[in-house]
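Below: the structure, in structure tokens.
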Amino acid sequence: MIYDSTLKWDAIYDVIVVGFGGAGAGAARFAADQKAKVLLIDSAPEGQEGGNTRYAGGAFAWSDNFDDLRDYYKQTYYPFKYDPKALDSFVNNVLQMKEYSQKYFGIDAQYTGRRPQGEYPEYDHAATMRSQTMTAGMYNGGFWKLLRKKVYERLDQIDVWFSSPAEHLIQDPASKTILGVQIKRHGIVQNVAAKNGVVLSCGGFENNQDMVQTFLGQGSLAPIGTLYNKGKGIDLAVEAGARLWHMSNYDSHGFSLNEGKPREKFAYMINWQSLFNGSIFVAGDDGTRYYREDEEDRHGYKYNHGNWIMLPNQNHPHIVMDQKQYDQLANDSSDKAEQIKQLISYAVKADSIEELAEKISAPKLAEAVADFNFQVTETKRDMVLNRKIETMLAFGNGPYYAIAIRHNILHTHGGARRNEKCEVLDMENNVIPHLYEAGELGDIFATKYIGANSIADLLISGKIAGENAAWPKRKMAEVDVVTNASENPDLKSDAHATSADYEAGANQGIGISENGINDAPIVVRVTLDDNKIAKIETLQEKETPSLGGKAIPVLTKKMLSAQTTDVDAVSGASTTSAAFKEAVNEAIKNAKKQ
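Numbering (numbering that gives the first Met the number 0), first residue to last: 0 to 593.
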């Protein structure tokens, strides 16, 4: 959006950060530490912010040898080009990640016990790529809550707006400087100025099927992260005149169930090698095999004549098996048993291969099964895809089964081209003044993906973008004056950090717990009458509606009846129950102080 003299500003900040995921949390935090007044916005409602970071394992890349690590990355780029300055900056920062963890989080990072280089161990210096983590356990939300906490510790400097998508960037027509952001807040468009910089950290385009088809060349992919990454950052960058890069790169975790609707992670991810051991294979659209089922997943990249590429996805692939294999899976006792039993519950059944082929619209399925059996019994070698023959058993008697699956997508890497300072570049590779970028949107990975590197990138780029965006710029007449913005209730921050942010009268106390199943804290107000619990009010909760959301009213009734918080947790909602009790206990304690 081009600025003109008739445009009126509704509010002014030093920095605006678009996207409250991991990179956005870092950008806001580090901008605030530079004494900038920051506005942090997200299109998601409170409790669903966080982008893909809220589902991430939390491990980040680390190394101790610059030359070896840079050479390793260069091999993963081949045959794609790369920006030497951006890569050198990233490598230098990866070497400092242990110090980063201690300095900015007060945590001694621990070795994860896993080596990301295992994805490409055949490359030179692969052993230099290692990973660390700041949290106990992985894929439990702990890493996201750690980043979010650092924002909430700075709410005196950071305003947070949820359910507030960016509509347009506001740009000076002459200098191309980004002056601010047009934001839809409570259904009303607000023009918000940024005196020093705007950071785009709004993730990729996994949930935009048009962009998936246009940029990735794939007909349909099942997103397994946040449902809010819809490519808005691409539109904003293009609008500002940015050059795009890495638009064809994405990564995956194998297959997901084809349920006909998107699901947030951890939606079904079917990449277990133990599953593909027996009379079972993956059938493409026509029923023939196209995928080496026992191959180790490299974030979706598969071996192809000496290189690793992202396979073209099929539009309606299926897992196919016989009765013997079905029975084996039904009686599985491994750590995947529960998931496997859920998986086979989706199976389509047929008495013959021909009947199954008709049911799943796979005309060459019978031919594929015959070829599979021939290789098992006659050639003793998978001459089609080189699957290990010991993992293959000939199909026997029916009935036969097929499970509809889809190729999934973890996240994309494309966005505006950025330099080593996280400044966005235009079509001539000149800096677009006051525009920065961080995280998944436009990261430095041109092809392939190595585990733990996106987490390293969001920590690194979030800090660089936030600090540079906060750096004071020359005074701009266009954003000098704004009136009454601080008095507009629609422009107040949605985020609250302490009990002081909520009203409590006589004999009342506020209690807060951040240990619920969701990111947003549970906030309660308790009213005492002669030291008895007279009333329990839930002022805020963003727990899962079907579990925690139903548990809280039940617990409230139990506590009032028993006059104690020592009541049984609601079955299936133990985490919410414990957090609610914690909040009520704190509220009672605070009420007694009145």
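Just so you know, even glycine gets a beta-carbon here, dropped at the ideal spot from N, CA and C. Values in this document were obtained by computation on a predicted structure and should not be read as measured data.
Under DSSP, proline 222 takes part in a beta bridge, and its partners are Ile408. The residue from Thr446, Gln189 and Asn514 with its alpha-carbon nearest to that of tyrosine 77 is Thr446. Leucine 458 places its beta carbon less than 8 Å from that of tyrosine 99.
Around the CB of arginine 129, 16 or more other CB atoms lie within 10 Å, so the residue is classed as buried. The three-state reading of DSSP puts tryptophan 143 in helix, counting H, G and I together. Boundaries for leucine 274: no beta strand (DSSP E) harbours it, and the DSSP string shows neither H nor E there.
Leucine 38 and arginine 28 have their C-alpha atoms some 11 Å from each other. With respect to the 8 Å criterion, glutamate 353 and alanine 365 are classified as neighbours on the basis of their beta carbons.
Contact between phenylalanine 254 and isoleucine 404 holds: their C-beta atoms lie close to 4 Å from each other, under 8 Å.
Leucine 527: member of the beta strand (DSSP E) spanning 521-528, first to last residue. Pairing tyrosine 227 with serine 42 gives a Cβ-Cβ distance under 8 Å. CA-CA distance, serine 273 to alanine 572, rounds to 31 Å. For glutamine 327, the uninterrupted alpha helix (DSSP H) run begins and ends at 322-329, by DSSP. For phenylalanine 204, there is no enclosing alpha helix (DSSP H), since its DSSP letter is neither H nor E.
Beta bridge pairing from DSSP links aspartate 250 with His410. By the CB criterion at 8 Å, methionine 558 and valine 583 fall inside the cutoff.
Along the region 275-307, the beta strand (DSSP E) occurs as fully enclosed runs of 3 or more residues at 279-282 and 300-303, listed in sequence order. Taking C-alpha positions only, alanine 26 is separated from glutamine 322 by approximately 54 Å. Its chain contains Gly414, Ala415 and Arg417 as the residues whose beta carbon lies nearer than 6 Å to that of glycine 441, once the 5 sequence neighbours on both sides are disregarded; these appear in chain order. Contact annotation: glycine 450 and alanine 22 have beta-carbon atoms that are not nearer than 8 Å. In the structure shown, lysine 194 adopts extended strand secondary structure according to DSSP, grouped into three states.
The alpha-carbon of asparagine 517 is positioned some 43 Å away from that of proline 172. Taking 8 Å as the cut-off, the beta carbon of lysine 102 is found no closer than this to the beta carbon of tryptophan 61.
Spanning the alpha carbons of threonine 575 and serine 453 requires a straight line of approximately 30 Å. With the rule of 3 Cβ pairs closer than 8 Å, the region 44-55 does not count as touching the region 212-220. According to DSSP, residue pairing for isoleucine 40 in a beta bridge involves Val17 and Trp160. Inclusion of glycine 548 and glycine 515 in the CB contact set at 8 Å is not warranted, their separation being larger than that value. The count of Cβ pairs closer than 8 Å, one atom from the region 240-251 and one from the region 425-435, reaches three, so the stretches are in contact.
Under DSSP, the beta-bridge partners assigned to lysine 348 are Tyr400.
Rounded to the nearest whole angstrom, the C-alpha separation of lysine 580 and threonine 225 is 29 Å.
Considering only Ala468, Tyr435, Ala496 and Asn589, the residue with the shortest C-alpha distance to glycine 232 is Tyr435. In this structure the region 7-19 touches the region 198-212; the number of beta carbon pairs closer than 8 Å is three or more. A straight line joining the alpha-carbon of glutamine 189 with that of isoleucine 182 spans about 5 Å.
Take the alpha-carbon of isoleucine 269 and the one of leucine 178: they are about 46 Å apart. Non-local beta-carbon contacts of phenylalanine 89 in its own chain, meaning distances under 6 Å to residues more than five positions away in sequence, involve Ile443 in chain order.
In its chain, beyond the 5 residues on either side, Asp293 and Thr390 have a beta carbon closer than 8 Å to the beta carbon of asparagine 276.
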